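Some notes on the structure that comes next.
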RNA sequence: GGGCGGUUAGCUCAGCUGGUUAGAGCGCGUGCCUUACAAGCACGAGGUCCACGGUUCGAGUCCGUGACCGCCCACCA
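In this note's numbering, the protein residues as written are 576 to 1491.
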C-alpha cells in the first residue's frame, strides 16, 4: 500500500485505530528522567488533569476541558518539552455515596441495611464500573495522558498521604475538633462546608410572633423570624442596647410561647433596630449568629432537631414532626393563643445542599475544622495567607486575569473549613476515641492502647471532605512526603486548566496545601534543593499558571443539565461527526470569558473542514502516484523562485507564528481559526488551484511541484495536529508510506515562524493577482457570461502591475476563465463592463449587455462610499492638530489613501457617465 | 449588600496596548455536477458597534452615567 486513503473521509474508521495504537505504544508515557540524562535537560511541562468524579460519565464540558488540555500538551510536546499529563479520577465522597444510595433505594435497600463495610464494598463496585467508563471515554477522545501514572484518589498510597497530611496539620495546630454550628444536610445526614451550600433567592415569609413578658403576660415583645420552628430552641431574645423602645426590657424575662420556658432579654449589637421589630429571638443551637450571641451571653445551646431535621424530645409536643410540619403547626397554635402577629412577604436567600438541593439546616454538632487563618505552631504563614501571597506576588498567574481578583477576595474573606463528613465513602479521619477516658488521639495508624492505658479504642467514624484529598494531589501524586525524583522534576506543575465552578473548591485548596506542604518544614528533602539557598513560595506553589475556561452551554445558551434533558454526550456527537471535528469546534469557540453555545451546525462545518483536508490529501497522493517521486524529498531551487511557492511558504510561516502566539496566550479560537483559513482559504482554494496545471503537466514539472507542495502540506499537518490529532496522523503516515521519521506526528516538531521565509513582495504580488482574478470573475458574473465561455481580458495598469500579470499570465487566465490578456495604454472607462481598483482597471470583452440599471446602482453605492472616505481623509489632513500629533505612518497612510480614493472616484464617475 | 462579566451582521462570536468608514463562521441570495472534495466551487447582499455625556487631532476600542441580560460572593433574624 502506497499513499492509500479511502475515497470518503470516515472518522469512525480511523480514530479508534489510532487511539488504541497511541496507548499500546505508550507514546505519551513519560519515564522520570535520571539526573544528568538527556531527557533531564529538556524543559518540563506538567499538567494535572482535574480528576473527573466517578459519579457518571464525561459530558461535553469535560470534553471541552480535555480538548484544551490536550491541545496545550500536544503543542508543548511537539515544541520539545518533556510533557507529563497526569490522569486520574476522584472518589467524590458525597456525590458518589448519594448515587449508590439512590441505586440501593431502587432495590428497596439502604446503606443502613447493608452496614458500613458492605456499603463501602458496594461503592467500590460502582467505582470500578464508572471509573472505567470515564477512562475508556478519555482513551477514545485521544487524550494524550500518561496512562502509566493514572491514579484514583482512594488508592492506598494516596490515602496514606491524606493521613500524613491530616496528622501533620493537627500537630501544627491547624486542625481542631469542636462543637459549632455547621451547615447540615438533613437528607445526606452530614455536615457540609460553606462552599457546598448554594443560596437561592426564595420568596418566603417573615413571621411576627408576640413573646409575652413573664412578669406581665398582657404585655408583649414582638419578634420576627423566617424559621418559626426554631423558637422551640430559643434561649433568649436580643435587642439592641441603643434601641430606646426596648432598653427598659433588658434583663427582664420573657415567657417562650407554646413551651412556657422563661428566657431572658439580652442586649446585643447583633439586633438591628431597623429590621423586623428590632427584637430577635436567639436560638444558639440552630443559627450561626445566634450561636455567637449565645457565647457572648453564656446562653444554653438547646438542640431541638435530630439529624433528619425532625423535632426531637426538646420540642415538647412537637417532637417527631418534620421541621416544616412543625412550622405550620406552630403558626397555627400561636394563632390560637393570639400570639401570632401575621407575616410579611420576605425574599431571602435560602441555603440548599449543593448535591441534593435539600434546604440546609444550621445545626450544632461536633466536627473537625481546618484553621485557615491561623499561624502554625512552627511559625510561618497561615494556609490562606501563603496562598494569597503566592497570587499577590504573581507566582500563580491567572488567565483571564480578572480571576486573580476573585481568588484574592475569596482568600481575604475565607473562614475555617469544616472538613469532617458523616459519610461512609471517603478517607476515614485518623483519630481514635477512647471509650474509657474519652480522649481523642490523632495518629498515623491505629494505636494499641490509649494514653490512659485502655485498649478500647474506636476509630473516628467520620470521613474527610473530598476536596481535602484532591487539594493534595499536585504533590501526593508525585510521591510526597518522600523526596522523590518526580517531585524534583515535575513539581510545581506548569499549568492548571479548569472551570470557574471549582475555583474555590479545588484550586484554592491546592494553593493552600501546596504552599504549605511543599514549604519547610514539610517539604521533602529533595536532592535538587541542595545548594539552592532558601526555599520560597515560588518553589512551593502547586502550579505556575491557571487558565480558567468558559462553560459549555447548549445551542440556545441554556445551562446543560440532566433535568433539562439537553445533555450532549461527547461520544455520541463524536461518533456522528468525528472526534477531530468536535475538538475543532470546541477549540474554535474557546474565546476566554465567554461561555460556549455549542451548536452542531458549527461541528458540521468542521467535519466539512476535515473532509476538505482528506480530499486535499487524496488529490496530492493521486498525482504523486501517477508520476512517482516523493513529497518529502525537498524542493528544488527552481521551485523556490516561483511566485506562488514563495507566497505560500511565506504565508505558512506567518500563520505558524500566529498559531504559536495564539496558543501561548490560550487563544485556542485564534489559533484554530488561523489554521482553518490558511488551509482552506489559501492552501486549497488558491495554491492547489494554481499548481494544478503543473501537477497535470510533464512528469518532471509535476515532481518538482509535488516536492515543494509536500513541504507545505506536511508542515500544515503538523500545525494542525494538536487540534485534529487523528486525521493528521492518518494522512501523515500515508504520506510517508508507512515509514514516518517518528512513530507519530505527535512526536514530530511543531512548525514555528522562520522569519527568513517571510516574503512581503510575494504576498503583495499574490494579493494583487487575487484581486485581479476576483474582479474578472465578478465582471463575468455580472455580465452573465456562460461559465464555459472564456473571455478576452483588457487591463490598464502601471508597468509594475502589468509585468506581474504578464509573468503570471497562465495563472490569471486559468483561474479567471480568461482567454488572452491585452494591456492597453488608455483608461478603460468607456468600455462599459469595467472594474477599477487603485492598481488596475480591468474589462472583459464580451458581447452580452450587462444590466445597466443594476450596474449603475452598484456603482452609485460604491461612489458614495468612496466619497465618504475621501471627505473623511481630507477633513483630517486639513486639520493641523492631526498633522502635528498623529504618528507619521498614519498621516502617510491617509495621504496615500486620499490619492487612491481620488483616482478611484474619477474612474467610477467615468464608468457611470458611459452607462448614461 | 458587595464584586465581576456581557450588549458589534439574521444566528454564534472575533476585534490585542485608541490610528485609514468594522471582520470570521454559519445562515441567506445568484450561478455552477470545472476530472480532490455538492461535506464542494465562484460571486454577492447584510452592521447609526445598547443609550447619553466626556477625554482626544482621532473612540466598538479609554472615562463617567444609565438601561437591559448573565454570573459569583455574603451569618442580617
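Just so it is clear, CB atoms sit at the ideal spot from N, CA and C, and this is done for glycine as well.
Source: prediction; values computed, not measured.
| Query | Result |
| --- | --- |
| C-alpha gap between residue 1225 and residue 724, whole angstroms | 42 Å |
| Outcome for residue 1400 when other beta-carbon atoms lying within 10 angstroms are tallied against a minimum of 16 | exposed |
| Beta-carbon separation (whole angstroms), residue 570 vs residue 1122, contact threshold 8 Å | Any answer about residue 570 is impossible in this case: the structure gives the chain only from 576 up to 1491. |
| Cα-Cα separation between residue 1083 and residue 1109, rounded to whole angstroms | 25 Å |
| Whole-Å CB distance - residue 1281 paired with residue 1270, under 8 Å assumed | 7 Å |
| Contact check, residue 1153 vs residue 1185, beta carbons under 8 Å | yes |
| Inter-residue spacing [alpha-carbon to alpha-carbon] between residue 934 and residue 829 | 30 Å |
| Where the beta strand (DSSP E) containing residue 1217 begins and where it ends | First-last for residue 1217: undefined, no H or E at that position. |
| 8 Å Cβ cutoff met for residue 1087 and residue 958 | yes |
| Length of the line joining the Cα atoms of residue 813 and residue 853 | 9 Å |
| Residues bridged to residue 754 (per DSSP) | 941 |
| Test item: CB-CB of residue 1049 and residue 1089 under 8 Å | yes |
| Continuous beta strand (DSSP E) stretch holding residue 1042: start and end | It is not in any beta strand (DSSP E) - residue 1042 instead sits in the alpha helix (DSSP H) that spans 1041-1045. |
| Beta-carbon contacts of residue 1438 that lie in its chain and below 6 Å, excluding the five residues immediately before and after | 1483 |
| Delimiting residues of the alpha helix (DSSP H) encompassing residue 836 | That residue, residue 836, is in no alpha helix (DSSP H); it is neither H nor E in DSSP. |
| Closer than 7 Å: residue 969 CB and nearest the ligand FAD heavy atom | Ligands are entirely absent from the displayed structure, and the ligand FAD is therefore not among its contents. |
| Residue closest to residue 944, alpha-carbon to alpha-carbon, out of 983, 815 and 769 | 769 |
| Closest Cα partner of residue 879 within the set 869, 700 and 861 | 861 |
| Assigned secondary structure, residue 875 (DSSP; H/G/I helix, E/B strand, else coil) | coil |
| The segment 1237-1249 in contact with the segment 1151-1168 per 3-pair CB rule at 8 Å | yes |
| Spatial distance of residue 1303 from residue 680 (CA atoms) | 49 Å |
| Nearest-angstrom Cα separation, counted from residue 1022 out to residue 1047 | 25 Å |
| Helix, strand or coil at residue 1172 [DSSP, three-state] | strand |
| 8 Å CB neighbourhood of residue 1384 in its chain, flanking five on each side removed | 1396 |
| Proximity of residue 745 and residue 1017 at Cβ, strictly below 8 Å | yes |
| Residue 717 classed as buried or exposed, judged by whether at least 16 other C-beta atoms fall within 10 angstroms | buried |
| Any 3 or more C-beta pairs closer than 8 Å across the segment 901-921 and the segment 793-808 | yes |
| Residue 594 versus residue 762 - alpha carbon distance | 43 Å |
| First through last residue of the beta strand (DSSP E) which encompasses residue 1072 | 1068-1074 |
| The segment 976-992 in contact with the segment 773-793 per 3-pair CB rule at 8 Å | no |
| Any 3 or more C-beta pairs closer than 8 Å across the segment 658-675 and the segment 615-635 | yes |
| Simplified DSSP state of residue 780, which is helix, strand or coil | strand |
| Run of the beta strand (DSSP E) containing residue 1134, from where it starts to where it stops | From DSSP, residue 1134 is part of no beta strand (DSSP E); its letter is neither H nor E. |
| Coil, strand or helix - residue 1365 by DSSP | coil |
| Presumed contact (8 Å Cβ cut-off) between residue 1039 and residue 1009, rounded CB distance | At roughly 21 Å, the Cβ-Cβ gap does not stay under 8 Å, so residue 1039 and residue 1009 are not in contact. |
| Nearest-angstrom Cα separation, counted from residue 1309 out to residue 576 | Only weak support is given to the placement of residue 576: the predicted model assigns it a pLDDT of 38, under 50, and the question is left unresolved by the model. |
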